[in-house]
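Numbering (the numbering used here), first residue to last: 19 to 267. Each remark here refers to the structure printed beneath this line.
Here is the structure:
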């Protein structure tokens, strides 16, 4: 029974790693895929979540073979997503909301629970600063449909539940547009202005929420590329693994 439970948990974690949403943004997995999207099972053994489950190559293979969304090649000890995300239109940004103003004690799981009532959630991202690993104070929630994302935005705007009150949100598309506008403004600064310290310039943060039609105060954070973390940051773990290998005798 314990082995069956372990395999189930392992299967769910593998399905997350190889999900369309995660593969689409995970450069580390992309770089290690062959032409058919297969990855060596040994690669996953360095991931902290799987280490905690005491995963072995054999257990990973068995869990993958039980999944409907993972392809397994037992001869080569490799696994792959059943479908690669690169062959279809990417609507992930339209299905994602930018979120801030929530209790800092929230984690990926608790945010999933809060927003699960609006529809299936593909991904929760809580970016961290690359060096300090401190949480940046905002998150992205990707839903399986644009309708679910819009419903969540409307509920946050109206403060439909006590859990949503105090939160601020916008579509990721709007967030990206604001990010590009800020970049353009910074690039257009004169040399004198560019050398003058401005709040959040290095981090591309702007006190700009008030200009949106929601007329709420706050500040929008940019730079989602440092320590992008979705339950497990494969790139960061690989760096740590390389460091450990370098430092070991």
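Beta carbons are placed, not taken as given, at the ideal position from N, Cα and C, and that holds for glycine. Given the structure is predicted, the values throughout are model-derived calculations rather than measurements.
Where does residue i land, buried or exposed, given buried means 16+ other C-beta within 10 angstroms?
i           : result
residue 39  : buried
residue 100 : exposed
residue 154 : buried
residue 183 : exposed
If the criterion is Cβ atoms closer than 8 Å, does the pair residue i and residue j meet it?
i           : j           : result
residue 187 : residue 174 : yes
residue 191 : residue 112 : yes
residue 110 : residue 42  : yes
residue 160 : residue 141 : yes
residue 27  : residue 95  : no
residue 66  : residue 57  : no
residue 29  : residue 68  : no
residue 47  : residue 88  : no
Can you tell which of the options has its C-alpha closest to the C-alpha of residue i?
i           : options              : result
residue 167 : 103, 198 and 115     : 115
residue 97  : 69, 60 and 133       : 60
residue 178 : 23, 132, 205 and 156 : 132
residue 73  : 21, 55 and 47        : 21
residue 185 : 135, 47, 157 and 134 : 157
residue 120 : 45, 180 and 138      : 180
Nearest-angstrom Cα distance between residue i and residue j?
i           : j           : result
residue 129 : residue 91  : 35 Å
residue 170 : residue 93  : 45 Å
residue 196 : residue 103 : 27 Å
residue 34  : residue 207 : 43 Å
residue 152 : residue 123 : 13 Å
residue 194 : residue 23  : 41 Å
residue 164 : residue 200 : 26 Å
residue 176 : residue 204 : 33 Å
residue 63  : residue 25  : 15 Å
residue 75  : residue 198 : 44 Å
residue 44  : residue 108 : 14 Å
residue 134 : residue 125 : 14 Å
residue 127 : residue 150 : 22 Å
residue 137 : residue 55  : 28 Å
residue 202 : residue 189 : 20 Å
residue 52  : residue 139 : 28 Å
> Per the contact definition of three or more C-beta pairs closer than 8 Å, is the region 66-86 in contact with the region 142-149?
Replying inline: The region 142-149 is not in contact with the region 66-86.
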